[in-house]
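When you read off a place in the sequence shown, starting at 1, and then add 8, the result is the number in our numbering. One structure below.
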Amino acid sequence: MFPSNASSPVNSADCPDLSSVGQAVAPAAYTEQYNADFVSRWDELIDWNKRAEGEGTFFSQLLLQAGACRIFDASCGSGFHSVQLRRAGFDVTACDGSPTMVRQAKANFASRGLDIPTLCCDWNDLDPRQLGTFDAVLCLGSSLCHVFEEAERIAVLKRFRRLLNPGGVLLVDQRNFQAILAGQFSSSGRYYYCGKTAKVTLGELHESLCEFVYTFADGASYRLRVFPILPGRLRGEMRAARFVVKQSYGDFKSVYDPMAADFIIHQAHV
Ligand SMILES: C[S@@+](CC[C@H](N)C(=O)[O-])C[C@H]1O[C@@H](n2cnc3c(N)ncnc32)[C@H](O)[C@@H]1O
């Protein structure tokens, strides 16, 4: 992922030849997409206060109802949910595979005086023999959409499952790609990406790629390329990883319009 306003000249010799019609463009690895420049603006993009207002106590209530104490935040990003849940009294371990995100999360924990165990680990390397087991695994912020292949997503979900205690809970969310692929992209700005200094629009979009373009007021713009998984398909993949899918929510509500919600949150257990 590159800032599209980058002033550095593009050397065409460095670019792949994309001239053939229909040629697939390989998605950049997530560690490249979350480069230091973009990550330094992540908190501006999400606006922690407004995001906390939009979510309310949704996640902590679900976790309390499930009797969960020990939480593994598998895609912590800059640490938003780890902080909310630690402050709500949960025992949280934060994890992300992006070194730049992990640095930002650690800085956010330190500046808030929170001591949250934090590790940099790709999902494929998660191992309960090293990490122990948890009452809940969270994979939030539409993070699983960074995995493009179905078999790989199911393998990741199985990794999450191995981290869970008997009866443990999995919370996975996603952008509402059903609405997006139907041409109804909306970013209400009330949930997840609440910052007012950036605009989220769509770039390339088809059934195997969705590109989000984040443009800041100062003109800087960044692109995230993800797999636009449909909510029903993701639920099927969770079942394939031997989870019992309990419920899905649209923008934190159990009754929702499947074409109007920005984000869908799935709750499952082992
Ligand atoms: C859209 S961000 C969401 C961050 C945070 N959960 C939030 O909501 O603000 C997606 C996160 O997933 C992480 N991620 C993507 N693929 C991963 C993988 N294979 N292993 C570990 N982390 C991954 C990225 O590094 C990034 O921090």
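Ideal Cβ positions, reconstructed from N, Cα and C, are used throughout, including at glycine. All figures in this text were calculated on a predicted structure; none of them were measured in a lab.
Between residue i and residue j, is the Cβ-Cβ spacing less than 7 Å?
| i | j | result |
| --- | --- | --- |
| F220 | V208 | yes |
| T141 | A102 | no |
| C153 | V234 | yes |
| V145 | V155 | no |
| L172 | V100 | no |
| I79 | F98 | yes |
| H274 | V180 | yes |
| I162 | A249 | yes |
| Q182 | S150 | yes |
| P236 | I272 | no |
| S68 | N116 | no |
| V110 | C128 | yes |
| C77 | D143 | yes |
Classify residue i: buried if its beta carbon has 16 or more other beta carbons within 10 angstroms, exposed otherwise.
| i | result |
| --- | --- |
| N184 | buried |
| M246 | buried |
| R120 | exposed |
| D55 | buried |
| F260 | buried |
| V252 | exposed |
| Q41 | buried |
| G30 | At G30 the pLDDT is 35, less than 50, meaning the model places this residue with poor confidence; the figure from the coordinates comes in the next sentence. G30 is exposed by the Cβ-count criterion. |
| V263 | exposed |
| S8 | This structure does not reach residue 8, given that the chain is present from 9 up to 278, and the question cannot be answered. |
| E63 | buried |
| Q73 | exposed |
| N169 | Per the sequence shown, residue 169 should be read as Arg rather than Asn. R169 should be labelled buried. |
| A32 | Its pLDDT being 45, under 50, A32 is placed unreliably by the model, and nothing is read from it. |
| D265 | exposed |
| Q186 | buried |
| L53 | buried |
| S229 | buried |
| A82 | buried |
| D104 | buried |
| S48 | exposed |
Any heavy atom of ligand 1 closer than 6 Å to the beta-carbon of residue i?
| i | result |
| --- | --- |
| L53 | no |
| W56 | no |
| G105 | yes |
| D135 | no |
| D130 | yes |
| Y257 | no |
| H154 | yes |
| Y222 | no |
| S119 | no |
| L146 | no |
| F88 | yes |
| S83 | yes |
Fill in: Minimum length 3: unbroken beta strand (DSSP E) runs contained in the stretch 192-256
Scanning the stretch 192-256 from its first residue to its last, the whole beta strand (DSSP E) runs of 3-plus residues come out as 206-214, 217-224, 229-234.
Worksheet item: Considering only residues of the stretch 64-127, which uninterrupted beta strand (DSSP E) runs meet the minimum length of 3 residues and lie entirely inside it, listed in chain order?
Response: Residue ranges of uninterrupted beta strand (DSSP E) with 3 or more members, entirely inside the stretch 64-127 and ordered along the chain, are 78-81, 99-104.
Practice prompt. Only counting runs of 3 or more residues, tell me where the beta strand (DSSP E) segments fall wholly within the stretch 134-184, in order along the chain.
Written response: Taking only runs of at least 3 residues, the beta strand (DSSP E) segments lying wholly in the stretch 134-184 are 142-147, 172-183.
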